[in-house]
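Q: Quick one: the structure is below, and I'll ask about it shortly.
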């Protein structure tokens, strides 16, 4: 009889309850979308921040460039071996760099030796005109920064003669880089070429890595790498890590604040609807009490009704919310947010709690005196 | 016959208003009592106290050996469920429950529901073809018969009827009164508030109230009783 009564109560107050369930569905939709976003935001932000470039630097202790060649260098093989030994699937790219200051056409410029094919993975935000990778026939290829190309009037396929001290290298421009930073003033050549020019075979200035994952995971990887390279400094690039952490905290605070605000507003909406419903049900409650219904049994019936409303609102809203989060992910990050199925129970529990909190007026029905209700009529 | 209801020096005050002032009387098991008097004389207040819907200011109201005045809220709830069958002038059916569900509601609050038994109760009051109807689809007389079926379903010790024919036309009034006569013949104890002297004469005794006081107790005569036969 309990379920039969519950069903009849739900059907009997359809109009009023529609308002409450619409509020709950709307709330559940936004809350589940925000929760889904919250659960996935760290991964998404990490991906976004990886487009900003490397976030881990291996360098000699107290590294600095003095004059035209680096004062301190590291062993390329030591660094490479350490990166290989501390294997981590989160390492998206790793590249050694040797920087020297040379010249071309009597113009001084920074020559950066690296593995050219690693650059697009290490710096996904850079734009290029031409190609990243040299073909096998172009062993002496180079990439030039936008400003260098402008100053030296270079185009893709132009020849470039780089001079360092008494050595020179004849290179072919395969791509022009638009990095939007200091790299636009540099020339990128294969590491071996730079080492040969500088007369520093097997030596590098530093290595950069792009590691995905949370700030904590990156720090953990850096610590493992540092243990494998005790002679060198292994540090996360602080500006990027801190910006990532700060942004993540702010977004999380915003999401939690919105969830709390929306929940309170929904509870108030349910409260208003239930207050009206409580007035309508005074006579029914008076009658139920006259028939011997205990306060506990009657209030349980009404609370169950509200609980069902909350659960139904939560379920429908959670489904809609997952769609909303996919859409939000597409709009904000350019790709859909992954659906997290744990959102369902969380949203349903939250909506039931909100509905029960909003059903406070129904609890007051327990105080209805049948004799007074009947006397009013 | 054993005494089922004992009322001793019963008083009820609503602020400065004295609804009942020292009322005393007894009702035997199986007796039909008509409670009469002008509006505001305390009839409904008496019914409410005897039914456990209200509590007296002082005095005793003993129903089936239970002093209603001494019961707390949960005790009154159990008392109403187990010993009392209410029939109201306004019928007081739950509008979104069918006839049979309205009867089952009383079963639900008493113990467990039995739909078959509830259907039989409706058949008994002549509503076999109205079992699944909502109150809104029933006439006043039919609604009151549902209320009678609901009042009887838990086999109460005492049936309290507050002007049960007050909202009915003549034909429906006759049907409902016939039901009360049958209940009386079966041995049910009935306390019925009524303004109608003809109905009052059908009872075993008429208890008349004025200004909260019991002013007259009159046994009915058989001639009046035959009017509805």
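Chains as they are written, first to last, in the working numbering: chain F, 2 to 378; chain X, 854 to 1082.
Heads up, the beta-carbon is just placed ideally off N, CA and C, and yes, glycines get one too.
Looking only at DSSP bridge pairs, what is residue 173(F) linked to?
A: Here the question's residue 173(F) lines up with position 172 in the first chain. DSSP, once it has assigned bridges, lists 142(F), 160(F) as partnering residue 173(F).
Q: Within 8 Å of any Cβ in chain F, is that where the Cβ of residue 1041(X) sits?
A: What you label residue 1041(X) is simply residue 188 of the second chain in a count that begins at 1. Not an interface residue.
Q: By alpha-carbon positions, which one of 931(X), 925(X), 884(X), 901(X) ends up nearest to residue 1033(X)?
A: The residue labelled residue 1033(X) in the question sits at position 180 within the second chain. Of 931(X), 925(X), 884(X), 901(X), the residue nearest in Cα terms is 884(X).
Q: Comparing alpha-carbon positions, which option in 1005(X), 1024(X), 867(X) lies nearest residue 292(F)?
A: On the first chain, position 291 is the one that residue 292(F) refers to. For residue 292(F), the nearest C-alpha among the options comes from 1005(X).
Q: By a C-beta neighbour count over all protein chains shown, 10 Å radius and 16 as the cutoff for buried, is residue 62(F) buried or exposed?
A: Position 61 of the first chain holds residue 62(F). So residue 62(F) counts as exposed.
Q: For residue 319(F) and residue 298(F), what's the separation of their Cα atoms in angstroms?
A: Walking along the first chain from the start, residue 319(F) turns up at place 318. Walking along the first chain from the start, residue 298(F) turns up at place 297. Computed Cα separation, rounded: 31 Å.
Q: Taking buried to mean at least 16 other C-beta atoms within 10 Å of its own C-beta, is residue 75(F) buried or exposed?
A: Stepping through the first chain from its first residue, residue 75(F) is reached at position 74. Label assigned to residue 75(F): buried.
Q: Does the beta carbon of residue 957(X) come closer than 8 Å to any beta carbon on chain F?
A: Locating residue 957(X) in the second chain gives position 104, where the first residue counts as 1. Output row for residue 957(X): interface = yes.
Q: Flag this pair as yes or no: are the beta carbons of residue 374(F) and residue 284(F) separated by less than 8 Å?
A: To locate residue 374(F), count along the first chain from 1; it is residue 373. To locate residue 284(F), count along the first chain from 1; it is residue 283. Cβ atoms of residue 374(F) and residue 284(F): closer than 8 Å.
Q: Nearest-angstrom Cα distance between residue 229(F) and residue 208(F)?
A: Position 228 of the first chain, counted from the start, is the residue given in the question as residue 229(F). Position 207 of the first chain, counted from the start, is the residue given in the question as residue 208(F). Their backbone Cα atoms lie some 14 Å apart in a straight line.
Q: Which one of 3(F), 17(F), 31(F), 6(F) has the shortest CA to CA distance from residue 327(F)?
A: Along the first chain, one-based indexing puts residue 327(F) at 326. Nearest C-alpha to residue 327(F): 31(F).
Q: Tell me whether residue 198(F) sits in a helix, a strand or coil according to DSSP, three-state version.
A: Locating residue 198(F) in the first chain gives position 197, counting from the first residue. Helix.
Q: Along the region 288-314 of chain F, what residues have a CB closer than 8 Å to any CB found in chain X?
A: From the region 288-314 of chain F, only 288, 289, 290, 291, 292, 293, 294, 295, 296, 298 have a Cβ closer than 8 Å to chain X.
Q: Which residues in chain X have a C-beta closer than 9 Å to the C-beta of residue 1(F)? List them in chain order.
A: Residue numbering for chain F in the displayed model covers 2 to 378; residue 1(F) lies beyond these limits and cannot be assessed.
Q: CB-CB under 7 Å to residue 1082(X), same chain, minus the five flanking residues each way: which ones, in chain order?
A: What you label residue 1082(X) is simply residue 229 of the second chain in a count that begins at 1. Bear in mind that a pLDDT of 44 at residue 1082(X), under 50, signals an unreliable position, so the model cannot answer this.
Q: Measuring CB to CB, does residue 940(X) end up less than 8 Å from residue 1060(X)?
A: Your numbering for residue 940(X) matches position 87 in the second chain. Your numbering for residue 1060(X) matches position 207 in the second chain. No.
Q: Closest Cβ-Cβ distance between residue 368(F) and chain X: below 8 Å?
A: Residue 368(F) sits at position 367 when you count from the first residue of the first chain. Chain X contact via Cβ: absent.
Q: Thinking C-beta only, is residue 876(X) closer than 8 Å to residue 1083(X)?
A: No information on residue 1083(X) is available, as it lies outside the stretch 854 to 1082 that chain X covers here.
Q: If you measure beta-carbon to beta-carbon, which residues of the region 263-291 of chain F are closer than 9 Å to chain X?
A: Per Cβ criterion, the list reads 284, 285, 287, 288, 289, 290, 291.
Q: Is the beta carbon of residue 1029(X) closer than 8 Å to that of residue 984(X)?
A: Position 131 of the second chain, counted from the start, is the residue given in the question as residue 984(X). Position 176 of the second chain, counted from the start, is the residue given in the question as residue 1029(X). No. Outside cutoff.
Q: Below 8 Å between beta carbons: does that hold for residue 92(F) and residue 212(F)?
A: Position 91 of the first chain holds residue 92(F). Position 211 of the first chain holds residue 212(F). Contact flag set, yes.
Q: According to DSSP, is residue 943(X) part of a helix, a strand, or is it coil?
A: As a first step, residue 943(X) must be located in the second chain, where it is residue number 90. DSSP places residue 943(X) in coil when its eight states are reduced to three.
Q: For the region 7-24 of chain F against the region 193-200 of chain F, are there 3 or more C-beta pairs whose distance is under 8 Å?
A: Cβ pair count under 8 Å is below three, so no.
Q: Can you confirm whether residue 45(F), when its beta carbon is compared against all beta carbons of chain X, has any partner nearer than 8 Å?
A: Taking the first chain and counting its residues from 1, one reaches residue 45(F) at position 44. Cβ-Cβ to chain X under 8 Å: no for residue 45(F).
Q: Under 7 Å, CB to CB, which of the residues in the region 342-372 of chain F have a partner in chain X?
A: Going along the region 342-372 of chain F in chain order, one finds 371, 372 with a Cβ nearer than 7 Å to chain X.
Q: Buried or exposed, going by whether 16 or more other CB atoms sit within 10 Å of the CB of residue 205(F)?
A: To locate residue 205(F), count along the first chain from 1; it is residue 204. It is buried - the Cβ of residue 205(F) has at least 16 other Cβ atoms within 10 Å.
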